[in-house]
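Chemist:
In this note's numbering, the protein residues as written are 1197 to 1584.
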């Protein structure tokens, strides 16, 4: 096989894994599992258990990242945790009649899924141009998850979502298991290397603040639109579908833009995108909700497509797994803080529009840290010794 064909096959393998993972996330981790678990232990109990599991799993990803970076085991860990995720979801689907066994298996699957995603992001390092693989993966993920939700919207209560998505995830992961190489090199002291790299730390902080808005949108958009505009379920599903369409287009657009213009330059557009989104949300009277849904997916695709490319460009080759784990930690913590901030402002004002507008502080803070990242990264190449 010629070199160009090999690149295309590897690109497809990377995108197929993203499609399977996003489908699994949309059908199981974001929809079927919350519904089933909430019926077992109540919404509050589910939120507590899932939140603690996510936090512990991200901390585990940091520990596993250190181990993988020290020994150069990024791909083996990727394969291990991906297999665990798929098998745990499949097994959970067969144990719905034993609710607490099911719950334990799914919480383990949540933890394994976080590890798999952190190690999956490191595989992007092997591509010469990383924007297109990253963006194509995001587009494939949006396409797969939107199709699955539309086809299975009425059948989310039984074992089908777990059995179908678990099987498809494992099948779509096989090309990545066999075709993508182990990335980077070993580093005997990855934690020290990462914590002394100030540009990367500033970038992680910029993602932390920018992702506040994105995570709040994912978690609260349905509630916001339902209460403010009185949208019915069918109308919300239409908006969700348009958001998915925006994500498909956005993944390809931002991925290609990152390769053509440079990922660092393109990532800066995110602070403008999310500020415009919040202003639009504040001013929207109801007539422009459909294009707003499209713009939401387009903006989300920017964050997920470009952030990991910028991170891998900035990271030394010996700390890819630890850096990816730190990115996951930044995104997870931002989700908790963003929801807390939104909820606090709403409790004080009882105004959904004011709550949305108040979130403008986060893109502004993120832009400040990103400017510091750019300033320092100009003085330091990724594998150069960090400045004291």
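All C-beta atoms, glycine included, are put in the ideal place defined by N, C-alpha and C.
Just the Cα atoms here: how many angstroms apart are residue 1201 and residue 1497?
Modeler: Approximately 27 Å, taken between the alpha carbons.
Chemist: If we count the other Cβ atoms within 10 Å of its Cβ and call it buried at 16 or more, is residue 1552 buried or exposed?
Modeler: The residue in question, residue 1552, is buried, as its Cβ has 16 or more Cβ neighbours within 10 Å.
Chemist: Let me know if residue 1406 comes out buried or exposed under the rule of 16 or more other beta-carbons within 10 Å of its beta-carbon.
Modeler: With 16 or more Cβ atoms within 10 Å of its Cβ, residue 1406 is classed as buried.
Chemist: Do you know how far the Cα of residue 1319 is from the Cα of residue 1376?
Modeler: Straight-line Cα distance between these residues: approximately 7 Å.
Chemist: Would you say residue 1505 and residue 1330 are within 9 Å of each other, going by their C-beta atoms?
Modeler: It is a contact, given that the beta carbons lie within the stated cut-off.
Chemist: Ordered along the chain, which non-local residues of its own chain (more than five positions away) have a Cβ less than 7 Å from that of residue 1424?
Modeler: So the qualifying residues of the chain are 1548.
Chemist: For residue 1252, which three-state DSSP category applies?
Modeler: Three-state result, residue 1252: helix.
Chemist: Look at residue 1468 and residue 1502 and say whether their C-beta atoms are less than 9 Å apart.
Modeler: Not a contact, by the Cβ cut-off of 9 Å.
Chemist: Could you check the C-alpha separation between residue 1480 and residue 1443 for me, to the nearest Å?
Modeler: Between residue 1480 and residue 1443, the C-alpha separation is close to 21 Å.
Chemist: So the candidates are 1238, 1240 and 1306; which of them puts its Cα closest to the Cα of residue 1257?
Modeler: With distances taken between Cα atoms, residue 1257 lies closest to 1306.
Chemist: Below 6 Å CB to CB, which residues in the same chain sit around residue 1525 once its five sequence neighbours on both sides are set aside?
Modeler: Around residue 1525: 1254.
Chemist: As an exercise, report each continuous alpha helix (DSSP H) stretch of at least 4 residues that is fully enclosed by the region 1304-1345, in chain order.
Modeler: Runs found: none.
Chemist: By how many angstroms is the C-alpha of residue 1420 removed from the C-alpha of residue 1392?
Modeler: Near 41 Å, if we compare the C-alpha coordinates of residue 1420 and residue 1392.
Chemist: Just to confirm before moving on: does the CB-CB distance between residue 1400 and residue 1536 stay below 9 Å?
Modeler: Their beta carbons are not under 9 Å apart, which means residue 1400 does not touch residue 1536 by this criterion.
Chemist: By the 10 Å Cβ neighbour count, where 16 or more other Cβ atoms means buried, how is residue 1487 classified, buried or exposed?
Modeler: Classification of residue 1487: exposed, given that the 10 Å Cβ count is below 16.
Chemist: Measure the C-alpha to C-alpha separation of residue 1312 and residue 1363 and round it to an integer number of angstroms.
Modeler: Approximately 16 Å, taken between the alpha carbons.
Chemist: Quick one: Cα of residue 1221 to Cα of residue 1571, how far?
Modeler: C-alpha separation (whole angstroms): 36 Å.
Chemist: So for residue 1386, helix, strand or coil by DSSP?
Modeler: DSSP places residue 1386 in helix when its eight states are reduced to three.
Chemist: Taking the alpha-carbon of residue 1555 as reference, which of 1539, 1458, 1361 and 1566 has the nearest alpha-carbon?
Modeler: Answer by Cα proximity: 1539.
Chemist: Just to confirm the assignment, what range does the alpha helix (DSSP H) spanning residue 1545 have?
Modeler: 1516-1545 is the extent of the alpha helix (DSSP H) around residue 1545.
Chemist: Between residue 1284 and residue 1252, is the Cβ-Cβ spacing less than 9 Å?
Modeler: No, the Cβ-Cβ distance between residue 1284 and residue 1252 is not below 9 Å.
Chemist: When you compare only the Cα positions, how much space is there between residue 1414 and residue 1286?
Modeler: Distance between the alpha carbons of residue 1414 and residue 1286: 26 Å.
Chemist: Return the residue from the list 1558, 1510 and 1323 that minimises the CA-CA distance to residue 1378.
Modeler: Taking only the C-alpha atoms, the option nearest residue 1378 is 1323.
Chemist: Exposed or buried, what is residue 1500 when buried is set at 16 or more other beta-carbons lying within 10 Å of its beta-carbon?
Modeler: It counts as buried.
Chemist: CB residue 1299 to CB residue 1358, shorter than 9 Å?
Modeler: Not in contact: residue 1299 and residue 1358 (Cβ atoms no closer than 9 Å).
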